[in-house]
Amino acid sequence: MVKEYEVPGMGWKVIHHACVDSTNEVAKRAGDLGAVHGTVFWADRQNAGKGRRGRSWYSEETGNLYFSILLRPDFSPRVTSMLTLLMAYVVAKVIGEETKLNALIKWPNDIVVNEKKVCGILSEMKLNGSKQEYCVIGVGINVMQKQFPQDLRDLATSLYREAVKSIEKEMLLHRILTCFQQEYERFLVTKNLTTILEPYNDMLVNMDRQVRVLDPKGEYEGIARGVTETGELLVETGDGQYQKVYAGEVSVRGLYGYV
Ligand code: BTN
30 MVKEYEVPGM GWKVIHHACV DSTNEVAKRA GDLGAVHGTV FWADRQNAGK
80 GRRGRSWYSE ETGNLYFSIL LRPDFSPRVT SMLTLLMAYV VAKVIGEETK
130 LNALIKWPND IVVNEKKVCG ILSEMKLNGS KQEYCVIGVG INVMQKQFPQ
180 DLRDLATSLY REAVKSIEKE MLLHRILTCF QQEYERFLVT KNLTTILEPY
230 NDMLVNMDRQ VRVLDPKGEY EGIARGVTET GELLVETGDG QYQKVYAGEV
280 SVRGLYGYV
């Protein structure tokens, strides 16, 4: 069964399915058929949930939250890529407010609690030449998952496991959507991350920690010193130089085995 509604005061259309292949795929198919800016798709389960770098995203648990927002921004793909960081900030902020957990961001867009991953974000864009038709920001949050497979136990956790209380996923979704819409309006003014830069960096789990940068031209190590207003990670290398690292190239060594 499909349910369609609006979150009061928000104006974005929200569409709920019991089970889909992937909410990102549902959003992209809808985008191809002309769905409007701000349409949100969420599901209780996904049978082909997608993660970053071609991985799959475990989505069998009905207590977890899986959703994707379809946006039709009229700015360049480079600007659009910052929306993933904006979403990471919003998710960490709302999780912190709703659970009182110390939710932190592992650059660019994983959310960690007690050094384990609780949320992943997968953004996709449809381009027409150099212009984008739409983008989809997909978010998976381990909300009520009680058990994790042996190989993930040290790497992943859920809000329920860390907060030891039940959290209602639909309420969490509506809080995230409301906060994201507000932050998106502010983002439209600057088209960069200045509006969230300070709190984003305050929540950055990598801050002042050793990172290993997986650069196609060669790996190197340094100390993460925060993100720039356009979303790159600043890494201080041993010789006192700073490198700007673009999303997708960096991983953290020795702290989080899931990277
Ligand atoms: C990651 O690898 O960390 C990103 C995971 C993103 C998972 C979410 S769940 C909702 C949306 N639909 C998908 O198929 N993937 C994203």
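Positions 30 to 288 (our numbering) are the ones given, in order, by the sequence shown.
Beta carbons are placed, not taken as given, at the ideal position from N, Cα and C, and that holds for glycine.
Under 8 Å Cβ to Cβ from residue i, same chain only, skipping five residues before and after it: list those, please.
{"i": "A47", "result": "M30, A72, D73, R74"}
{"i": "T224", "result": "E212, R215, F216, V218"}
{"i": "F209", "result": "I98, L115, M116, V119"}
{"i": "D237", "result": "I252, A253, R254"}
{"i": "F104", "result": "K220"}
{"i": "V147", "result": "I124, A132, I140, V141, I170, N171, A185, T186, S187, L188, E191"}
{"i": "G67", "result": "G40, W41, K42, I98, L99, L100, Q210"}
{"i": "E153", "result": "N53, K57, C164, V165, G167"}
{"i": "P228", "result": "Y118, K122"}
How far does the alpha helix (DSSP H) with residue i in it reach, from first residue to last?
{"i": "E227", "result": "226-231"}
{"i": "V69", "result": "Note, V69: premise wrong, no alpha helix (DSSP H); beta strand (DSSP E) at 68-75."}
{"i": "K32", "result": "No alpha helix (DSSP H) holds K32; the beta strand (DSSP E) holding it covers 31-35."}
{"i": "A192", "result": "188-192"}
{"i": "G60", "result": "52-61"}
{"i": "K122", "result": "111-128"}
{"i": "Y213", "result": "198-219"}
Give a yes or no on whether the C-beta atoms belonging to residue i and residue j are separated by under 9 Å.
{"i": "V108", "j": "N230", "result": "no"}
{"i": "V36", "j": "L99", "result": "no"}
{"i": "K155", "j": "D61", "result": "yes"}
{"i": "A253", "j": "V264", "result": "yes"}
{"i": "M173", "j": "Y189", "result": "yes"}
{"i": "T91", "j": "K194", "result": "no"}
{"i": "F70", "j": "A59", "result": "yes"}
{"i": "S88", "j": "G169", "result": "yes"}
{"i": "L130", "j": "E191", "result": "yes"}
{"i": "V256", "j": "P137", "result": "yes"}
Excluding sequence positions up to five away, which residues of its chain have a Cβ less than 7 Å from the Cβ of residue i?
{"i": "K32", "result": "H45"}
{"i": "G80", "result": "W86, G149, L151"}
{"i": "M39", "result": "L206, T207, Q210"}
{"i": "G286", "result": "Because the pLDDT at G286 is just 49, under 50, the model does not fix this residue reliably, and the value given afterwards should be weighed accordingly. Taken in chain order, the residues that qualify are D183, L184."}
{"i": "V274", "result": "V242, E261, L262, V264"}
{"i": "V49", "result": "V55, A72, Q75"}
{"i": "T52", "result": "F70, W71, A72, Q75, Y95, F96, S97, G167"}
{"i": "K145", "result": "L184, A185, T186"}
Would you kindly report the start and end of the unbroken beta strand (DSSP E) that includes residue i?
{"i": "M154", "result": "145-157"}
{"i": "R254", "result": "249-256"}
{"i": "K42", "result": "42-49"}
{"i": "Y95", "result": "94-100"}
Does the distance between the C-beta of residue i and the nearest non-hydrogen atom of the ligand BTN fall short of 8 Å?
{"i": "V147", "result": "no"}
{"i": "K155", "result": "no"}
{"i": "N235", "result": "no"}
{"i": "S187", "result": "no"}
{"i": "D151", "result": "The displayed chain sequence assigns Leu, not Asp, to residue 151. Checking the Cβ of L151 against the ligand BTN gives yes."}
{"i": "F96", "result": "yes"}
{"i": "R81", "result": "yes"}
{"i": "T52", "result": "yes"}
{"i": "S88", "result": "yes"}
{"i": "G78", "result": "yes"}
{"i": "D180", "result": "no"}
{"i": "V168", "result": "yes"}
{"i": "Q75", "result": "yes"}
{"i": "R58", "result": "no"}
{"i": "D183", "result": "no"}
{"i": "R84", "result": "yes"}
Near residue i, which residues of its chain fall below 6 Å by C-beta distance, leaving aside the five closest residues on each side in sequence?
{"i": "R182", "result": "none"}
{"i": "L226", "result": "E258"}
{"i": "A64", "result": "L99"}
{"i": "E245", "result": "According to the sequence shown, residue 245 is Pro rather than Glu. None."}
Report back the beta-carbon spacing between residue i and residue j to the nearest angstrom; my notes put them in contact at under 8 Å.
{"i": "L94", "j": "L233", "result": "About 23 Å separates the two Cβ atoms, so there is no contact after all."}
{"i": "K135", "j": "N235", "result": "6 Å"}
{"i": "G251", "j": "T266", "result": "4 Å"}
{"i": "R101", "j": "Y163", "result": "5 Å"}
Regarding residue i and the ligand ATP, is the C-beta to nearest heavy atom distance less than 8 Å?
{"i": "D139", "result": "The ligand content of the structure shown is limited to the ligand BTN, which means the ligand ATP is not among them."}
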